[in-house]
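**Student:** Okay, here's the structure, questions in a sec.
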Amino acid sequence: MSSRTIKVVTIIALVAGTLVAESRKEYRFNVGPKAGISVTNPYGSISVKPSTSNTVVIRAVLNSGKVEVDNTQIGNRVMIQSHLLAGADATSGRVDYDILVPADASVTLHSSTGPMVAEKLHGDVTMEGAAATVNVRDLSDAHVHVKTLNGPVTLNNVQDGHVEIDSLSGEVILIGVNGPLVQVVSTSGHISYTGDFGNSGDYRLTSHSGDIDATIPESTSADVVARSVKGEVHDDIPLQPMAHTWFPIKEGRAFAGTMGHAAMSSTVVLRTFSGKIHLKKRQEK
């Protein structure tokens with residue numbers, strides 16, 4: 340047998356072994372109202388969507404025999420964890436989860452590599468990761484807590500939410516996000532907000548060296564304060580100046596003003612040390 344033939348046979352054997360090693364598991368748990376679901380997955384994706392019943396359905400695809408799925412139910416709480424066996428790495432230890440939960444369940448997700456997705460829920464959602472991509476969409480009346488190192492975070496259509504995002508360097512994009520509290524803190528990541536700042540909410544977007552862009556309709560009602568210590572600030576929307584501010588207004592470095600109806604105003608604070616801040620007018624269709 341030639342060396343080339345041996346190599347081909349070896350490759351086929353390795354591929355076949357990988358295909359055999361990959362396995363699929365499904366777990367089902369009956370829960371009551373406002374159940375708690377916790378998923379810890381060092382390597383791989385987690386996707387959570389609402390079910391139509393009080394059953395939690397977890398479908399897992401294991402990349403090899405070097406990882407197992409530990410599952411536990413204690414009362415109204417379900418805990419899922421990827422258990423890495425000896426020799427497992429980012430490839431062989433990967434597990435991809437598709438999960439259905441009651442819409443009012445509280446969900447806690449941990450994944451280093453992700454991606455992580457949660458949609459159409461109205462319970463509390465907590466997502467933590469390192470480089471994991473985080474995507475949250477179509478939530479209502481939910482508390483959303485996200486912590487990442489450099490993974491990008493996108494929230495789309497989160498209504499009446501209590502939102503707190505903490506990122507080291509990942510980009511944070513908010514589209515149609517409103518609620519009593521919307522807070523983003525980043526060290527160097529870019530923060531982008533597109534929406535109308537809701538009614539009577541508290542919006543605080545802060546980055547040490549990253550830029551902050553807020554694109555809003557001219558009909559927005561808000562008290563807006565923006566300040567960059569060493570960067571630039573730009574305001575494309577006319578504001579009624581505030582009579583008093585807690586810092587000096589310096590053209591190009593800070594602005595403060597009111598737009599819209601005072602009775603419905605949200606409080607908006609945009610702050611960065613060395614990044615740029617730009618308040619933009621959304622082009623109406």
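Everything in the sequence shown is counted per the numbering used here, starting at 340 for the first residue and increasing by one. Note that the Cβ used here is the ideal one computed from N, Cα and C, for glycine as well. This structure is a prediction, so every number in the text was calculated from the model and none was measured.
1. Less than 8 Å between C-beta atoms, sequence neighbours within five positions excluded: which residues of the same chain meet that for R367?
2. The beta strand (DSSP E) that contains I385, what's its start and end?
3. Keeping to the same chain, check which residues put their C-beta closer than 6 Å to that of L424; ignore five residues upstream and five downstream.
4. Hey, how far is the Cα of V607 from the Cα of K486?
5. Between V492, Q522, G509, which lies nearest to V502 when the distance is taken from Cα to Cα?
6. Please report the distance separating the alpha-carbon of N517 from that of D541.
7. Give a yes or no on contact between the stretch 406-426 and the stretch 360-377, applying the rule of three or more CB pairs nearer than 8 Å.
8. Can you tell which of T554, H547, E557, I576 has its C-alpha closest to the C-alpha of G570?
9. Could you pull out every residue in the same chain whose Cβ sits closer than 7 Å to the Cβ of T411, ignoring the five residues on either side in sequence?
10. Measuring alpha carbon to alpha carbon, tell me which residue in R543, R592, S560, G549 is nearest I566.
11. By a C-beta neighbour count over all protein chains shown, 10 Å radius and 16 as the cutoff for buried, is N369 buried or exposed?
**Tutor:** For this structure:
1. Contacts found: T394, V395, V396, I397.
2. Segment 385-389, the beta strand (DSSP E) holding I385.
3. So the qualifying residues of the chain are K405.
4. Taking the CA atoms as reference points, V607 sits about 22 Å from K486.
5. Distance from the Cα of V502 is smallest, within the candidate group V492, Q522, G509, for Q522.
6. In this structure, the alpha-carbon of N517 lies about 9 Å from that of D541.
7. The stretch 406-426 makes contact with the stretch 360-377; the number of CB pairs closer than 8 Å reaches 3 or more.
8. Checked all of T554, H547, E557, I576; the closest Cα to G570 is H547.
9. Excluding the 5 residues flanking it on each side, T411 has same chain C-beta neighbours closer than 7 Å at M418, in chain order.
10. According to the sequence displayed, residue 566 carries Arg and not Ile. Closest in C-alpha terms to R566, from the list R543, R592, S560, G549, comes R592.
11. Burial check for N369: the Cβ neighbour count within 10 Å stays below 16, so the residue is exposed.
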